[in-house]
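Each remark here refers to the structure printed beneath this line.
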Amino acid sequence: MLAAQAGSAVLVTALTGALAPVGVAALVLAACARPWRGREAAASPAGPPLALGLGFLAGFVATHGLPRLAGASLRDELAWSALALAGLAALRARRGALPLLLQGLVSALLPWFLLDFQRTRHWERLEGVLWSAALALVLFLSWTLLGAHEQRRARPAAVLGWTTMTALAAGAYVLSGSVQIAQLAGALAAALGTCAALALWRRAAGLGPAGVAPFIVLHLGLTWCGRFISELSLAGFVLLALAPLGVLAGRAVPASRARLAAGVEGLVPPLIALVALLLERAAATASSSSSYPY
Amino acid sequence: MKLLVASTLVAGLAGLSAALPSSAPSTPAAGETFAIDNAHSTVIFRTKHLGISEAYGRFNSITEDSQLVLDAEPSKSSLRLVVAAESVDTGLADRDKHLRNADFFNAKEHPEIVFESKKISGKADALEVSGELTFLGVTKSVTAKARQVGKGDTAFGDHRAGFVADFTFSMADFGVAFVKQSPGAVGPEVSVTVSLECIRK
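What follows is the structure in structure tokens.
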């Protein structure tokens, strides 16, 4: 009886964790896109960044409570950082992406501050500088390249691909040893999926350059959580970090073959994440001597 | 966490025992400093699993930062106990990996569980050790019941004192993620027993 209650409580938490970001993201998108006015009605570009930032926060609160300020950990700081960035991106959404200088500044500072514990406790001085620089570079390049991609030709397929990719990444985080990080990735996938549903309905929109900001910060931030506070393998970490850039493969397809390009955009990121998931599964199976269902 | 609590208790006990003649062959000088003998000290814990059984585990490493100051006046004794979170050992590698992880001890971000005593009172066979436990970056007051097991010169040519302490805390108080995300699966309370063997410096 008690075990059954515990099992149902876990299920309720999982459902709440999935429904909360969907509900909040849907409300935000509805307020910004006003879908009742028809598919062609102009939508505020502030919708996707706000939907992602607030939707992720809703998933965080539903599964773990409000992110902490006192005794904050990497994942708490990540949630607050993404929310602040989402707000900033939403405020400037009509002008497109955030200024390049600001993107560079945020990209440089985020890994430096969020991974402070790694620099002070686990990395040698030079190692810390190299890791921080590499993570900042990946964040900056991903942000600018994907922002430019969304500015040029935002397509629902890309958002759908990122949604599936993030859901697969959640599986890799579970195998790396953390249910919590997996749940947070699930919250991001749920918010992204809501954006994808609206984008599919409108048949044109994607996240937009403003929506890329919270998405890429949250996605890469979760890979940092997986690698540095969980036990995600280096190969899985690298693959998941680079997976969002898979949408750029669609640019190799001639412009005349739009459907094929959309298919490539939607398939490459989840395929890369799937490889990461399978690698993580193989590593977990190899190191496991017995089953451990919690 | 458990280690910290246990060590706090131990320290309190040590202070009391110093003041008491019961098991101690000699009254300690004022403020004698003891190191914790990791090889002969243990921190074990137990918590409910699914509400139907109790699961046990231990921490294998008490760090060198730990220290007991034993005084004839228990109130002047103190204990600092530092446990390496990554040394958790439940006899199942996959579970230990999960416990070291962000869901429980978050050992990479918060590698140490620290207990600092604030007040030690009572007698050697019934000590009360109050102090602050820092776990997952959160500091809370905890109180442990402790007792002195023994104290005296040993065949190794040194002077040792031993204590055992017990305390209970709520994982939710320290923000253990798994308790929130999977209510009823584990805990919510954890009982800790700390057994310390301390060597006078």
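Heads up: the protein sequence lines correspond to chains A and B, in order. Numbering-wise (the working numbering), the first sequence opens with residue 1 and increments by one. Numbering-wise (the working numbering), the second sequence opens with residue 295 and increments by one. We put the beta carbon where it would ideally sit given N, CA and C, even for glycine.
{"Query": "At a CB-CB cut-off below 7 Å, which residues of chain A make contact with D397 (chain B)?", "Result": "S178, V179 and Q180"}
{"Query": "Taking the alpha carbon of A25 (chain A) as the point to measure from, which residue in A:V247, A:L222, A:V253 and A:A187 has its own alpha carbon closest?", "Result": "A:A187"}
{"Query": "Does the region 161-168 of chain A touch the region 262-278 of chain A, meaning 3 or more C-beta pairs lie closer than 8 Å?", "Result": "yes"}
{"Query": "Taking 6 Å as the limit between beta carbons, can you name the residues of its chain near D388 (chain B), skipping five residues before and five after?", "Result": "none"}
{"Query": "Might you give, ordered along the chain, the residues of its own chain that have their beta carbon closer than 7 Å to the beta carbon of L98 (chain A), omitting 5 neighbours on each side?", "Result": "L88, A89, R92 and A213"}
{"Query": "Please tell me whether A46 (chain A) and A283 (chain A) are closer than 8 Å, where the distance is taken between their beta carbons.", "Result": "no"}
{"Query": "Flag E358 (chain B) as yes if its beta-carbon sits less than 8 Å from any beta-carbon of chain A, otherwise no.", "Result": "no"}
{"Query": "Measuring only between beta-carbons, confirm whether K391 (chain B) sits less than 8 Å from chain A.", "Result": "yes"}
{"Query": "If you measure from the beta carbon of H122 (chain A) to each beta carbon in chain B, is any gap under 8 Å?", "Result": "yes"}
{"Query": "If you draw a straight line from the C-alpha of L296 (chain A) to the C-alpha of L29 (chain A), how long is it?", "Result": "Residue 296 (chain A) is absent from the model: chain A starts at 1 and stops at 294."}
{"Query": "Confirm, please, whether the CB-CB distance from A249 (chain A) to L207 (chain A) is below 8 Å.", "Result": "no"}
{"Query": "Starting from P214 (chain A), trace the alpha helix (DSSP H) in both directions and tell me its first and last residue.", "Result": "G208 to F228"}
{"Query": "Would you check if the distance between the CB atom of A134 (chain A) and the CB atom of S107 (chain A) is smaller than 8 Å?", "Result": "no"}
{"Query": "Exposed or buried, which one is E127 (chain A) when buried takes at least 16 other CB atoms within 10 Å?", "Result": "exposed"}
{"Query": "Could you check the C-alpha separation between T144 (chain A) and L101 (chain A) for me, to the nearest Å?", "Result": "11 Å"}
{"Query": "Count the C-beta pairs between the region 422-432 of chain B and the region 400-412 of chain B that are closer than 8 Å, then say yes if the count reaches three, no if not.", "Result": "yes"}
{"Query": "What is the rounded straight-line gap between the Cα of A169 (chain A) and the Cα of A86 (chain A)?", "Result": "22 Å"}
{"Query": "Taking buried to mean at least 16 other C-beta atoms within 10 Å of its own C-beta, is L115 (chain A) buried or exposed?", "Result": "buried"}
{"Query": "What whole-angstrom Cβ distance do I181 (chain A) and N400 (chain B) have, given they're in contact under 8 Å?", "Result": "Contact doesn't hold; Cβ gap of about 11 Å is too wide."}
{"Query": "Can you check whether the C-beta of A378 (chain B) is within less than 8 Å of a C-beta belonging to chain A?", "Result": "no"}
{"Query": "Thinking C-beta only, is A82 (chain A) closer than 8 Å to V217 (chain A)?", "Result": "yes"}
{"Query": "Output the distance between the C-alpha atoms of S360 (chain B) and T120 (chain A), rounded to the nearest integer angstrom.", "Result": "21 Å"}
{"Query": "Going by the CB atoms, is the gap between F328 (chain B) and L362 (chain B) shorter than 8 Å?", "Result": "yes"}
{"Query": "Return no unless some Cβ of chain A is closer than 8 Å to the Cβ of A349 (chain B).", "Result": "no"}
{"Query": "Indicate whether at least one CB of chain B lies closer than 8 Å to the CB of E77 (chain A).", "Result": "no"}
{"Query": "Could you check whether D460 (chain B) and K439 (chain B) sit closer than 8 Å to each other, using their CB atoms as the reference points?", "Result": "yes"}
{"Query": "I'd like to check one pair, V382 (chain B) with G351 (chain B): are the Cβ atoms closer than 8 Å?", "Result": "yes"}
{"Query": "Going along chain B in order, which residues have a C-beta closer than 7 Å to the C-beta of L74 (chain A)?", "Result": "E403"}
{"Query": "By a C-beta neighbour count over all protein chains shown, 10 Å radius and 16 as the cutoff for buried, is G456 (chain B) buried or exposed?", "Result": "buried"}
{"Query": "Expressed to the nearest angstrom, what Euclidean distance is found between the alpha-carbon atoms of P21 (chain A) and V174 (chain A)?", "Result": "20 Å"}
{"Query": "Got a sec? Which residues, its chain only, sit under 6 Å from G171 (chain A) by beta carbon, not counting five neighbours each side?", "Result": "L277"}
{"Query": "Are the Cβ atoms of L146 (chain A) and P111 (chain A) separated by less than 8 Å?", "Result": "no"}
{"Query": "Name the DSSP beta bridge partners of A14 (chain A), please?", "Result": "Note: A14 (chain A) sits in no beta bridge, so no partner."}
{"Query": "Tell me, to the nearest whole angstrom, how far the beta carbon of A349 (chain B) is from that of A471 (chain B); I am working on the premise that it is less than 8 Å.", "Result": "Rounded, the Cβ-Cβ distance is 18 Å, inconsistent with contact."}
{"Query": "Whole angstroms are fine: how far does the CA of G193 (chain A) sit from the CA of E422 (chain B)?", "Result": "55 Å"}
{"Query": "Could you tell me which chain B residues have their CB closer than 9 Å to the CB of F228 (chain A), listed as they occur along the chain?", "Result": "K402 and E403"}
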